[in-house]
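Numbering (the UniProt record's numbering), first residue to last: 1 to 619. Backbone N, C-alpha and C define an ideal beta-carbon position, used for all residues, glycine too.
What follows is the structure, encoded as structure tokens:
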């Protein structure tokens, strides 16, 4: 019976292919006519071609079935493609790029074959699991899987390559030199983006067959993982029959018939009873999503009102995702290597970040529906020009926006009090916080701490003990960002940027250390104090997920970015900023400078500054 179904499916597919092709051509002709002026010489030719195609289709009595509904799985029921996307599968410890398809009755995993001579995409089906036999095991039922992580430096290098290629494509388009160069660049861009897709994801999605075989995918965000799980579970409720074992030929024809862009939908549960709830915000960069903000846990409620404000950096971002969690206090399931949290996702939604948000100056009210749950947001775009400006303080007695030398002189200390207090509190209770320094703190809490430090509030230490640790981290970053001159000074910044490019390792170390010891003493001592702290944070990377490179990415632009007069930030607030801009390349250099010092095992103490003769001043 299986063979008869397979043969029938193959025959139907072959018979429908010519009709399907003519149908697609007819749609293309409609679009061409729509955008071709009637005065154009090609207009009558297109009309004739459309008339011939329509006459051909009219002569066919049958209605051409959509490609998503070709395969008959049971009498009277059709197999449809519900969802598909590219994922990374772990196969014997190696990353393999796969295209995964969810049908109404099976989950199918395939490998995209290399295209030869301009042929259409073809697939090699690797395996499939009938939905009636597919299960998800809980984290306690499976052994943790160690996945080799790709260094962040390699991922950043890939992003820089992609940025350069995109810039080259735009230049060639403006130059109008012909399609060959652009086609070659697009092919190279596709290769680099595929490599980035292969190397980036690290969050596990495991599926199991009842026969005992398991498969592990790596994806980029909790949102995507929950979306796949929910859609599979929802379809399993509707799938009441087993399709049996599929032959390889059936799988090949099935997967070759459906490699079209697909749709996605959002599923969620309503909040039926009071729970401990919190939300996270994700935004994309280079097609990969990462967690950027997290609300506080709202205790025992079914209608939480957080009223919290976050400032989130965007870099080529197109989508904002929001996930609502129910907090779990089962400590045995926390901090797993595969990123599978004990907290339960009860709702999720997403909205596009469009140009209207960039142009509007007012707050925009947005409602994200989640199948019974509604989360209300207010959003406003702030350009980098204004969010990163270094402005002097209006208060001579303040801390924020005041020269670091003035603050240390007033306090009679080597390191500003705000830096010491923030680092002490973070080391006390924030070293194991996932995404510390990367996840944004609540903006109102940060502003409250800023005011307390600026006014020398006597209860600032008590306030900090009651604040979320991400708000304290945000206050520290804000302090360094608002310094009228960066910690590495405007004068020495070009030398640091030049020194990091030296190829000779000995010359580079000599140059970079000599430049570091040339900093004013308050700047140098504060930087070394911060540097030791960041190294201790990175020692907890297995728990807090903050590597040296992640920390350099967060603090590099903050500590090194030149003041407004030297910055390359676009003057137009609405001007798009992308990875191809010189500003972004400048940020990469700032990250590399800080990363270099983070990776150095030993750095001379400030006391050796005057007596050191070990370092050459030549670059």
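Three-pair Cβ contact test at 8 Å for the stretch 364 to 376 versus the stretch 432 to 446: no
DSSP three-state assignment for residue 135, whether helix, strand or coil: By 1-based counting over the chain shown, the position of residue 135 is 135. In the structure shown, residue 135 sits in a strand (DSSP, three-state: E or B).
Span separating the alpha-carbon of residue 107 from that of residue 510: The count along the chain shown starts at 1 and reaches residue 107 at position 107. The count along the chain shown starts at 1 and reaches residue 510 at position 510. Put simply, the backbone Cα of residue 107 is about 57 Å away from that of residue 510.
Contact check, residue 168 vs residue 195, beta carbons under 7 Å: Within the chain shown, residue 168 is the residue found at index 168, counting from 1. Within the chain shown, residue 195 is the residue found at index 195, counting from 1. No, the pair does not count as a contact, with Cβ atoms beyond the cut-off.
Backbone CA spacing between residue 502 and residue 481 [nearest angstrom]: Against the chain shown, residue 502 aligns to sequence position 502. Against the chain shown, residue 481 aligns to sequence position 481. Each residue's Cα considered, the two are about 28 Å apart.
Close Cβ partners of residue 205 (< 7 Å) along its chain, the five nearest in sequence each way excluded: Locating residue 205 in the chain shown gives position 205, counting from the first residue. Contacts found: 217, 219, 225 and 228.
DSSP state of residue 209 mapped onto helix, strand, coil: On the chain shown, residue 209 is found 209 positions in, with the first residue counted as 1. DSSP places residue 209 in strand when its eight states are reduced to three.
Range of the contiguous beta strand (DSSP E) that encloses residue 99: Within the chain shown, residue 99 is the residue found at index 99, counting from 1. It spans 94 to 103 - the beta strand (DSSP E) in which residue 99 sits, taken as one unbroken run.
Member of 554, 353, 558 and 93 whose CA lies at the smallest distance from the CA of residue 202: Position 202 of the chain shown, counted from the first residue, corresponds to residue 202. Of 554, 353, 558 and 93, the residue nearest in Cα terms is 93.
Residue span of the beta strand (DSSP E) that contains residue 301, given as start and end: The residue labelled residue 301 in the question sits at position 301 within the chain shown. Its beta strand (DSSP E) spans residues 298 to 301.
7 Å CB neighbourhood of residue 590 in its chain, flanking five on each side removed: One-based indexing of the chain shown puts residue 590 at position 590. Here the set comprises 556, 557, 560 and 561.
Per DSSP, cross-strand counterpart(s) of residue 203: On the chain shown, residue 203 is found 203 positions in, with the first residue counted as 1. DSSP output for residue 203 lists 219 as bridge partner(s).
Among 137, 175, 354 and 327, nearest to residue 314 - alpha-carbon criterion: Counted from its first residue, the chain shown places residue 314 at position 314. Considering only 137, 175, 354 and 327, the residue with the shortest C-alpha distance to residue 314 is 354.
Cβ neighbours of residue 209 in the same chain (closer than 7 Å, five flanking residues each side left out): Start at 1 with the first residue of the chain shown, and residue 209 comes out as number 209. Correct list, in chain order: 129, 133 and 134.
Straight-line gap, residue 494 to residue 546 (C-alpha atoms, nearest Å): Your numbering for residue 494 matches position 494 in the chain shown. Your numbering for residue 546 matches position 546 in the chain shown. When rounded, the distance between both Cα atoms is 28 Å.
Extent of the continuous beta strand (DSSP E) run through residue 374: Translated into positions along the chain shown, residue 374 becomes position 374. From DSSP, the beta strand (DSSP E) with residue 374 extends over 374 to 379.
Exposure of residue 302, with buried meaning 16 or more beta-carbon neighbours within 10 Å: Numbered from 1 along the chain shown, position 302 holds the residue referred to as residue 302. Exposed, because fewer than 16 other Cβ atoms sit within 10 Å of the Cβ of residue 302.
Exposure of residue 99, with buried meaning 16 or more beta-carbon neighbours within 10 Å: The count along the chain shown starts at 1 and reaches residue 99 at position 99. By the 10 Å Cβ count, residue 99 comes out buried.
Assigned secondary structure, residue 124 (DSSP; H/G/I helix, E/B strand, else coil): As a first step, residue 124 must be located in the chain shown, where it is residue number 124. Correct three-state label for residue 124: strand.
Segment limits, beta strand (DSSP E) that includes residue 112: Here the question's residue 112 lines up with position 112 in the chain shown. It spans 106 to 112 - the beta strand (DSSP E) in which residue 112 sits, taken as one unbroken run.
Three-state secondary structure (DSSP) of residue 525: Working through the chain shown from its first residue, we reach residue 525 at position 525. Helix, per DSSP.
Test item: CB-CB of residue 111 and residue 126 under 7 Å: Within the chain shown, residue 111 is the residue found at index 111, counting from 1. Within the chain shown, residue 126 is the residue found at index 126, counting from 1. It is a contact, given that the beta carbons lie within the stated cut-off.
Residues near residue 284 by beta carbon distance below 7 Å, same chain, minus five either side: Taking the first residue of the chain shown as 1, we reach residue 284 at position 284. Excluding sequence neighbours, residue 284 sits near 317, 318 and 319.
Of the listed residues 162, 200, 143 and 158, nearest to residue 150 (C-alpha basis): Taking the first residue of the chain shown as position 1, residue 150 is located at position 150. Of the listed residues, the one whose Cα sits closest to residue 150 is 200.
Reference residue 156; option with closest CA among 596, 599, 549 and 600: As a working note, residue 156 is residue 156 in the chain shown. Residue 156 has its Cα closest to that of 549, out of 596, 599, 549 and 600.
Residue 490 to residue 592 span [Cα, whole Å]: On the chain shown, residue 490 is found 490 positions in, with the first residue counted as 1. On the chain shown, residue 592 is found 592 positions in, with the first residue counted as 1. Whole-angstrom Cα-Cα distance: 17 Å.
Proximity of residue 425 and residue 472 at Cβ, strictly below 7 Å: Locating residue 425 in the chain shown gives position 425, where the first residue counts as 1. Locating residue 472 in the chain shown gives position 472, where the first residue counts as 1. Yes, the Cβ-Cβ distance between residue 425 and residue 472 is below 7 Å.
Three-pair Cβ contact test at 8 Å for the stretch 409 to 417 versus the stretch 518 to 526: yes
Three-state class that DSSP yields for residue 479 in the structure shown: In the chain shown, counting from the first residue as 1, residue 479 sits at position 479. Shown here, residue 479 sits in a helix according to DSSP, grouped into three states.
Spatially closest choice to residue 352 from 38, 505 and 282, by CA coordinates: As a working mapping, residue 352 is identified with position 352 in the chain shown. Nearest C-alpha to residue 352: 282.
CB of residue 299 within 7 Å of CB of residue 468, strictly: In the chain shown, the residue the question calls residue 299 occupies position 299. In the chain shown, the residue the question calls residue 468 occupies position 468. Not closer than 7 Å, so no.
Beta-ladder partner(s) of residue 326, from DSSP: Mapped onto the chain shown, residue 326 falls at position 326. Residue pairing from DSSP places residue 326 in a beta bridge opposite 277 and 344.
Neighbourhood of residue 54 by C-beta, 7 Å cutoff - its chain only, sequence neighbours within 5 removed: Your numbering for residue 54 matches position 54 in the chain shown. Answer for residue 54: 26, listed in chain order.
Residues near residue 172 in its chain [Cβ-Cβ closer than 7 Å; skip 5 each side]: Translated into positions along the chain shown, residue 172 becomes position 172. Within the same chain, residue 172 has close Cβ partners 181, 182 and 185.
Simplified DSSP assignment, three categories, for residue 557: The residue given as residue 557 occupies position 557 in the chain shown. Correct three-state label for residue 557: helix.
Length of the line joining the Cα atoms of residue 259 and residue 293: For the purposes of this step, residue 259 is taken as the residue at position 259 of the chain shown. For the purposes of this step, residue 293 is taken as the residue at position 293 of the chain shown. Residue placement at residue 259 is poorly supported in this model, since its pLDDT is 39, which falls under 50; the coordinates are not used for a value here.
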